[in-house]
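Have a look at the structure below before the remarks.
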Amino acid sequence: MSDFVTYLRERLRDDRAFVFLRDDLEEERLTFTELDRRARAVAVWLTGLGMADRPVLLLYPAGLDFTVAFLGCLYARALAVPAPLPQAGGQHADRVRALLADSGAALVLTDAAHASALTEMAHASEPAAPPVHAVPPIRRGGAEAADPPVRDGAGAADPDAWSPPAMSGDTIAYLQYTSGSTSEPRGVEVSHRGLLHNLGLFRELAGAVPPRRIAGWLPHYHDMGLVGLQLQALHTGADLVLMSPNAFVARPVRWLEAISRYRADWTVAPDFGYSWCTRRITDAECAGLDLSSLTMALSGAEPINPGTLDAFARKFAPAGFRPTTWNPGYGLAECTLMVTCTPRGLGPTVRRFAPDGLERRRAVPSADGVPLVACGSPTGLDLRIVDPDTLAPLPDGGIGEIQVAGPSVAAGYRGRPDATRATFRTGDDGRWLRTGDLGFLLDGRLYVTGRLKDVIIVRGRNLHPHDLEEAARAAHPASGRGVAFGVVRRGSGEHVVLVQEVRRGREGHAGEMADRILDRLTGRFGVPVSVVVVGHGEVRQTTSGKLRRRHMRDLLLRGGLTPVHTELEPALKDLLPASP
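Sequential numbering of the sequence shown, starting at 1, is according to UniProt numbering.
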């Protein structure tokens, strides 16, 4: 099978459906055949507009309208560009403007409720912005005996008038923009061959029993939400139960209630999602949960926190959650999504390694060392660890850059030939993808230790920001989210800086918290640290929840933050804002 559209249409079933749970718990439901009919209508209309091979920006709230529009683009061979829905002058607006400019989108699709506001926003910032069109909303209540045609200012489209466009495995299916955690967002060109191969890797994780029902809340514009939830459900033939990310963040128990209510056996989330459940769900809410149907809980982060896995498993054991349900994994958009993941039933592998060895880029097992979670073994893809400077392969236990090769690797970055060659065409044979992530292989398993660009080098030691951030969070009850990064001062090398949020309502403890953090970090890591305390919500994240460390460093250095309290090294006092 060469393309995803042909694969999907040969497996359409009326007894499988996508269900979206609104905040009021009312269902929106479309069977696979209804999704197909809607998608064909959208495709006929897009083809009439000449959108084949042209980027189409999709700006939708959470819900099934996005799924219809995305499939419509695939059916028309248009390049769907999933993006977060912006609010005027608010969150995501800058990212959407950047994506419009970078992708060269010829059209914007949204729902009827947002079409007018998006038109005004687009033309206020760019008079030559592409037109904004609304695809009719999904009718609530499930079955639709007479599915209405797609209507727009251009007229109506008949789904039965659709004919498959010429497509092959090399045809670009869509553009997945990177999160922008360490650089500006780039449009990854995901081919049909790469998509099918990566979805096949997901299917292999389940072994002989494919998932029957998947539940989750991840945003559709994030690769884990798009591939790991929506496209995986279509590929596997599983029911999918979705809710909005905002509904999850407001009341995380809704996610676990959906798993219980619909008897889901598969879910996918980053480390943050499981941690949020552990911290925010009450014992009373736990009492009504039944997670015994869940056999696979995929977790991904950079890296995965073993404490999160342990705390979640202990808290929800009375609800039927089993530790063997965990499936830690690793992936990135440049490889469609998944690189490695732990198969069904094995549970997590957690080993401890000597801290001084990790700082010297060597994994040395130690009974009382730093715990790291294995992310599975390479299967279906080639993976190697190389020296980041020389690109020479490293032996087992050597910490270096993770490189991957195989059919899942994307075609490149759209419109960026130099970046494509530098990232996707490395190695003597030009087939290795440079991930920019650090890790090592041991006993056939991959361990991820951090981002290459985020490593802080102090006096020849390699410090990983997430280790500093986790230690700071545990140092004081008032500690919220934090980011650690290095600031280079000529003549004195690199200095460690931690920008740390103080929890809402605990601002009066900022000084005490800073002192406790300094004691914890200097005692554990043996290096001087500067601490800048900021208010709740000041630490920036990407749309996928990754910490924007470089952006926070830039904000701090140009005075873009308002500190609540600072404890600075003398060498940095003339570079950073003074303590209030």
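Glycine included, every Cβ here is placed at the ideal spot set by N, Cα and C.
Query                                                                                                        : Result
Minimum C-alpha distance to Thr282 - residue among Asn462, Arg251, Gln403 and Thr542                         : Arg251
Validate contact between the segment 194–205 and the segment 34–46 using beta carbons, cut 8 Å, 3 pairs      : no
Three-way DSSP call (helix, strand, coil) for Trp326 in this model                                           : strand
Under the three-state DSSP convention, the category Asn462 falls into                                        : strand
6 Å Cβ shell around Arg384 - same chain, five flanking residues per side excluded                            : Pro393 and Gln403
Integer-rounded CB distance, given that Ala17 should sit under 8 Å from Phe4                                 : That belief does not hold up - the Cβ atoms of Phe4 and Ala17 are roughly 19 Å apart, past 8 Å.
Bridge partner(s) assigned by DSSP for Tyr177                                                                : Gly187
Cross-strand partners of Phe440 (DSSP beta bridge)                                                           : Tyr447
Straight-line Cα distance separating Asp467 from residue 587                                                 : Absent from the structure is residue 587, since the part of the chain shown begins at 1 and ends at 580.
Among Gly493, Arg550, Gly482 and Val373, nearest to Leu572 - alpha-carbon criterion                          : Gly493
Beta-bridge partners of Val42, as assigned by DSSP                                                           : Looking at the DSSP assignment, Val42 forms no beta bridge with any residue, so it has no partner.
Local Cβ density within 10 Å of Thr236, reported as buried at 16 or more and exposed below that              : buried
Own chain, CB closer than 8 Å to Glu507, minus 5 neighbours either side, in chain order                      : Gly535 and Val564
Buried versus exposed, by CB contacts within 10 Å (16 or more), Leu59                                        : buried
Start-end ranges of the alpha helix (DSSP H) lying completely within the segment 261–333, minimum 4 residues : 271–280, 283–286 and 306–315
Under the three-state DSSP convention, the category Arg504 falls into                                        : coil
Assigned exposure category for Gln176 - 16 Cβ within 10 Å defines buried                                     : buried
Cβ-Cβ distance between Leu218 and Gly207 below 7 Å                                                           : no
Rounded separation between Leu79 and Arg503 - CA only                                                        : 42 Å
Segment contact, 8 Å Cβ cut-off, at least three pairs: the segment 418–427 with the segment 373–383          : no
When His464, Val533 and Ala354 are compared against His509, the one with the closest alpha-carbon            : Val533
Closest residue to Val527 among Gln541, Val496 and Leu547 (Cα-Cα distance)                                   : Val496
Where the alpha helix (DSSP H) through residue 596 begins and ends                                           : For residue 596 there is no data in the structure shown, the boundaries of the chain being 1 and 580.
Close Cβ partners of Thr420 (< 6 Å) along its chain, the five nearest in sequence each way excluded          : Gly412 and Tyr413
Straight-line gap, Asp418 to Arg322 (C-alpha atoms, nearest Å)                                               : 47 Å
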